[in-house]
Each structure stands twice: as C-alpha cells, then as structure tokens.
Amino acid sequence: MTENIPAFHVMAKPAGARCNCACDYCFFLKKQRLYPGSDFRMSDEVLESYIWQVIEAHRAVNQATVAWQGGEPTLMGLDFFRRSIELEKKYAPQGMRIENTLQTNGVLIDEQWCEFLKENNFLVGISIDGPQHLHDSFRRDNAGKSVYGKVLNAIRLMQRYGVEFNILCTINSENSRYPLKVYRFFRDELKASYIQFIPIVERHDSAGRKRAAFTDRSVEPWQFGRFMIEIFDEWVTRDVGSTFVLNFDGALAGWMGAAGTVCIFGPTCGLGVVLEHNGDVYSCDHFVEPGYFLGNILKTPLAELVASEKQRKFGRDKKDTLPRTCKECGFLHICNGECPKNRLLTAVDGETGLNYLCAGYKAFFAHADKHMKIMADLLHQNRPASEVMAELAQKEEYITTGMTGSSRNDPCPCGSGKKYKSCHGR
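At position 136 of the sequence shown the residue is numbered 200 (our numbering), and the sequence of numbers has no breaks.
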C-alpha cells in the first residue's frame, strides 16, 4: 500500500481540451489528440468518483478544493456543476470546508452563471490580457473573432453579483511592452484586487534548445524582467495590501524563508495533478503526455496515484535536475529554478536545464531585493507589509528635501550608486 500524503491539489478538466476559443498560445488545445473520438464530457460516474475521492483524501485536514479548468469548463453547462455541488453535500462530513474554483475565458458567463457562482461561493479565475488591442492579439474565438466584449461583460456581471474573481493575464510578446498600461487597466478600470501574470514560453518543437526555437508569441526574458520591475515599482509604492499580485506574493514568501506558496517557486513539486474528463490522471497541467500518465481514478484511488513513487519522483526531479548555475545562484531560495516546463536552455557551462526566464527573474529579484527584505522584516514582526509604502514615502521625502550643501556629493540614499547631486538631487 502506497503511503498517503496529507493534502494535494487536483485540476479537473471536465471538458478536456475542448474550448470555444482558439488562443494562439494555448498549449492545451492539442491535447485533444490524446483522446481521438472522445466527446470530451466528464461522465456522472467520473464526476461522482472525483468528488468522493477528493473529500475522502482530505478528511484529515478537513478542507478540500474542487477546481475546474479546461479547455473551457463552462461548456459542460450549469447542470453539471449543480450536480457537483450536490455531490459535495452528499459526501462531505459536517464541518469540512470545501472551496470551489473555476477557471474560465468568460465567454459563456451570464446572469444565471453568476447567481450560481455567488450562491456556492466559487472563486473564479478569468483570463484577460489587458485592454482590447492587447487582449485581441492572441485571444479570439474559433471563428477568429474578438471575445473581448464578452469577457468584459462577464467581469462586470460578476462584480454586480459579488462573485469573487481573480485576473489571469499572460505575459506575451505584445502586452509585455506595456506593463503599466496593463496593470493600471486591471487596477483602475476593472477594479481587480487579485492578479496573476503568466509568462508565455513556447517552443516550435520539443527538441530544440536554442533561442531560435521559441515562437514570436513568447515573451523575451528581458521583456519579462522589465514587465515585472515596472509593475513592482508602482505596486510597492502605492498598492501593497490593496492589490494582490500573486507573482509578488509568491516571491516574497521566498524572502521570508517559505518558498513554495506558489507551486512554480517550490523546491519540489508533484502535489498538483490533472484529472482528465475520462478519469485519467497526469502529473501536472503542463505534462499531460503519455510519459506522465499516472492512472485512472475509476481503477486506482486518486490519493494512491498522487502518492505513487512515479509521482514522487516527478516532484523530486524539480530539485534533483537543477543545473549547477542554479544551485550556485543567490536567488535559488526565491525561485528554486521556477517551473520545470520552462527549463529549456543550456547554461554557459554546457549543462542543460536552465530556465528560459532566468535572466528576467534575476533582474527582477535583484531590483526588488531591498523592498522585499523590508516587507519580509515587517511580516516577521507581525506588522502588515503595506507599511513599506510609508517607509518608502519617508525615505523619498528625505532624499528630495533633506540633503543640502556638501551632502550633495555623498552617495544617494536611494541606493543607485550615484552621487546625490546627479541622481535625486538634480
């Protein structure tokens, strides 16, 4: 009998890779080829088995998450999700907390959906890449038409009904050129409080390891770093505690010695599996491939699949396959080599497995280091991280008004390395 583990996350895909959009950078649409002839609809048998097994596996922690993603899960229709809620009520022991989440492109979200989502306390992740001209760059429906109006309508409806939602925004070759325009659009126009940025990294083929093998849609490492830096500089001076950026929160955990609150930054992985529409389980959303197939929940208990030696090795490999350049990096405790799916480059010493985004992450971490340390120190003192904004405002006021006379030849307190007179004293 395989040893059980205390908690894990399942990303369930009730409609498989089926979707009503055809986003240019979507890595999952091609997974339909794994199931030729399938109708891509989760059966009632698989649905019930999934809900029961997730609940049973999490009785010890008395908390479970039922997470739906795609493809596009809303293609299953509302009745499917109503059955899911009924099954949760049937199997969950009294007092157990169940969180329901739904990732969607927003195209089908209407008032009926919002009533259901609000009534059942769903957390919704909605995909949008910025203002319309940026969103439409790579995200369109199957006929090539813009879905921006429908996405915006879905967000407005969720706000009207009080549905909690997060923004999921890819960072691609187009919107990465406008970091503040994208961020301010979400914060000021959409009034979003929770944002996650997901860098697009695509190769033309699975064998290439040279930069030329990456698509034009992929964000360049330097673009990614600049995007994060420009948004961080605005966020850390005015939005800490009011606008939550998952990328920053996940990185801050590393500065606090607790890397891994976001899976990509954990030292190992393996506790987040994918459940396909027919009950098949794979190691990870980015590894839905025959080599990472773990089994089917109608034949083998879900918890046993997650705790299997094959899946444990998958999780350990994240740490065990780090190239030497990562092991010697001063920021290893922050990113731990980031997601294995992005370890596509060869390091200068010839060792494979360097993360494509490494240069961008290093630039961002080095830039944010001083402010991250302030926030980490505040949190260790049980003080809110938002106090960093007052400290920075006081420092800026001192820099701009408190240095006169001979002190203008001293190093600028902002840490730029320049003399005050040629920096803030200009």
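Ideal placement from N, C-alpha and C gives every residue a C-beta, glycine not left out.
Values in this document were obtained by computation on a predicted structure and should not be read as measured data.
{"query": "Name the one or two DSSP bridge partners that LEU418 has.", "result": "LEU409"}
{"query": "Whole alpha helix (DSSP H) runs in the stretch 310-378 with 4 or more residues, listed along the chain?", "result": "310-319 and 366-370"}
{"query": "How many whole angstroms separate the CB atoms of THR279 and GLU266, which I take to be in contact at a CB cut-off of 8 angstroms?", "result": "4 angstroms"}
{"query": "Just confirm the distance between the C-beta atoms of ILE259 and PHE250, as a whole number of angstroms; I'd bet it's less than 8 angstroms.", "result": "5 angstroms"}
{"query": "For ARG267, list the residues DSSP reports as bridge partners.", "result": "PHE278"}
{"query": "Is DSSP giving TYR225 helix, strand or coil here?", "result": "helix"}
{"query": "Quick check: GLN117 and PRO448, are their CB atoms within less than 8 angstroms of each other?", "result": "no"}
{"query": "Going by DSSP in three states, VAL283 sits in which element: helix, strand or coil?", "result": "coil"}
{"query": "Would you mind sorting ASN446 into buried or exposed? The rule is 16 or more other CB atoms within 10 Å of its CB.", "result": "exposed"}
{"query": "Is DSSP giving TYR99 helix, strand or coil here?", "result": "coil"}
{"query": "Report the option in ARG407, MET292 and LYS363 whose CA atom is closest to the CA atom of THR416.", "result": "ARG407"}
{"query": "DSSP puts CYS85 in a beta bridge; with which residues?", "result": "ASP205"}
{"query": "Return the chain-ordered list of same chain residues with a C-beta closer than 8 angstroms to the C-beta of LEU142, the five sequence neighbours on each side being excluded.", "result": "GLN176, TRP177 and PHE180"}
{"query": "What residues in its chain sit with their C-beta under 7 angstroms from that of ARG275, if we drop five residues either side in the sequence?", "result": "Because the pLDDT at ARG275 is just 46, under 50, the model does not fix this residue reliably, and the value given afterwards should be weighed accordingly. Here the set comprises nothing."}
{"query": "Taking the alpha helix (DSSP H) that VAL304 falls in, what are its first and last residues?", "result": "Unbroken run through VAL304: none, as it is neither H nor E."}
{"query": "Going by CA-CA distance only, name the one from GLY170, PHE429, PHE288 and THR385 that's closest to LEU418.", "result": "THR385"}
{"query": "Mind checking which residues open and close the alpha helix (DSSP H) that includes HIS199?", "result": "196-199"}
{"query": "From CYS233, LEU396 and ARG146, pick the residue whose C-alpha is nearest to that of GLN494; which is it?", "result": "No answer is possible for residue 494: the residues shown for the chain start at 65 and end at 490."}
{"query": "Taking the C-alpha atoms as reference points, what is the distance between ARG248 and ASN169?", "result": "21 angstroms"}
{"query": "Can you tell me the Cα-Cα spacing of ARG376 and LEU358, whole angstroms?", "result": "11 angstroms"}
{"query": "Please determine if the stretch 180-189 and the stretch 154-165 are in contact, where contact requires at least 3 C-beta pairs separated by less than 8 angstroms.", "result": "yes"}
{"query": "Using CA coordinates, which residue listed in ALA156, GLY334, PHE288 and MET320 is at the minimum distance from THR129?", "result": "ALA156"}
{"query": "Can you give me the C-alpha to C-alpha distance between MET106 and LEU316, rounded to a whole angstrom?", "result": "38 angstroms"}
{"query": "Would you mind giving the Cβ-Cβ distance between MET75 and LEU409, rounded to the nearest angstrom? I have them listed as a contact below 8 angstroms.", "result": "The pair is not a contact, with the Cβ atoms about 27 angstroms apart (cut-off 8 angstroms)."}
{"query": "Which residue wins for smallest C-alpha separation from HIS341, given the options GLU238, LYS94, ASP103 and GLY424?", "result": "ASP103"}
{"query": "Rank LYS363, PRO404, CYS403 and CYS422 by C-alpha distance to the C-alpha of ALA411 and give the top, closest one.", "result": "CYS422"}
{"query": "Which class does GLY289 belong to by DSSP, given the choice of helix, strand or coil?", "result": "helix"}
{"query": "Hey, out of GLY336, MET320, PRO78 and TYR346, whose CA is closest to CYS327's CA?", "result": "GLY336"}
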